[in-house]
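So for the sequence shown, numbering that gives the first Met the number 0 puts the first residue at 0; every next one is plus one. Backbone N, C-alpha and C define an ideal beta-carbon position, used for all residues, glycine too. Treat the numbers as computed from the prediction; the structure is a model and nothing was measured. Notes follow the structure.
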Amino acid sequence: MGMSEPHAGTDVLGMKTQATYDSEKKGWILNGAKMWITNGTLTGQETGDIFLIYARTGEGRADLTQFVVEKDMEGFTLGQQIKDKLGMRASPTAELVFDNVFVPSETHVVGQVNNATLCMMRNLEIERVGLAAMGLGIARRCIDEMKRYASERMAFGRSLYQFGQIQCYISESYADYMAGRCYVYGVANGLDLMSHGNGLDADGVKLYCAQMSKNVADRAIQVMGGYGYVGEYRVERLWRDAKLLEIGGGTNESHHKNMARDLAKMATTKLD
């Protein structure tokens, strides 16, 4: 799903990629670039197979249209593979470039022209719930690693489990994880995949789980001390992976803005 661009991340409606209709060819001419695209390349030499690309097709800020762009379309190339990332290194990330790419209107336009903004927002809601669930997985693995290490490691003649600070790290992590789990399952259960307008809790659940997973991973590193800082014990990788969740799919700051806006609209309406 190609939304972000080199100069438009959180300000997604500020995207510059443009599609111009060619009446003679009965299709659209696509120009621009997309950045941070997951699975944009698998080989580092060529693009992936198929992408859903958002492009500007009108004068209005929200006049966006969805296009299906396929590998080997003329003018569609790999700009660069993004390397040396802090985390999520198993997930290939790339920049995609569109140079006068012809997109047939009958077969490769998704939905109505100039009407993709609501679809994009709905997709973001779904993505954010998925990223929150990713945070759950990171936290769960960290807790399992903490439990195992604290059971095996001895210090001052005692198991780490007998030290109050270690007990605090593990117990608080478990409580935070279970709270996030309830939030994720609740939002996912009530999510209508065919509609939009679930933004408050899609933002909220990702905001909570992103920060929670990084905090739990940080505690896991503390429990393991020097061993937690090296790759053999895995939790340092989980901490690095968790950091992406505070940026990708919407920054923490964007969630704050969106949630405050939605809560303000509720005015004096009491929460359920």
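Look up residue i in the DSSP assignment and say whether it is helix, strand or coil.
{"i": "S158", "result": "strand"}
{"i": "V204", "result": "helix"}
{"i": "V68", "result": "strand"}
{"i": "K25", "result": "coil"}
{"i": "Q44", "result": "coil"}
{"i": "R55", "result": "strand"}
{"i": "L63", "result": "strand"}
{"i": "A18", "result": "strand"}
{"i": "E4", "result": "strand"}
{"i": "G196", "result": "coil"}
{"i": "N30", "result": "strand"}
{"i": "V13", "result": "According to the sequence as given, residue 13 is Gly; it is not Val. Reduced to three states, the DSSP call for G13 is helix."}
{"i": "L262", "result": "helix"}
Look at residue i and residue j and say whether their C-beta atoms are less than 8 Å apart.
{"i": "I49", "j": "E73", "result": "no"}
{"i": "I165", "j": "K146", "result": "no"}
{"i": "R239", "j": "G86", "result": "yes"}
{"i": "K205", "j": "H254", "result": "yes"}
{"i": "E88", "j": "L135", "result": "According to the sequence displayed, residue 88 carries Arg and not Glu. No, Cβ-Cβ distance for R88 and L135 is not below 8 Å."}
{"i": "T40", "j": "P91", "result": "yes"}
{"i": "E245", "j": "H195", "result": "no"}
Here's a check: name, in chain order, each residue in its chain whose Cβ is nearer than 7 Å to the Cβ of residue i, leaving out the five neighbours to either side.
{"i": "R34", "result": "According to the sequence provided, residue 34 is Met. The question's Arg does not apply to it. Result list for M34: S3, E4, P5, E94, in chain order."}
{"i": "A216", "result": "I137, C141, V234, L237, W238, A241"}
{"i": "G225", "result": "none"}
Rounded to the nearest angstrom, how far is the Cβ of residue i from that of residue j, given a contact under 8 Å?
{"i": "T116", "j": "A61", "result": "4 Å"}
{"i": "T56", "j": "A18", "result": "5 Å"}
Residues in the same chain with beta-carbon distance under 8 Å from residue i, minus the five sequence neighbours each way, listed in chain order, please.
{"i": "A132", "result": "V183, A187, C208"}
{"i": "V222", "result": "M145, Y148, A149, L159, I165, Y168, I169"}
{"i": "E45", "result": "K70, L77"}
- prompt: What runs of the beta strand (DSSP E), each 3 residues or longer, lie entirely inside the region 82-143?
  reply: 92-103
message: My parser needs the alpha helix (DSSP H) runs of 4 or more residues fully inside the region 162-192; what are they?
response: 163-189
task: Can you check the region 219-259 for any alpha helix (DSSP H) of at least 4 residues that lies completely inside it and give the ranges in chain order?
output: 234-243
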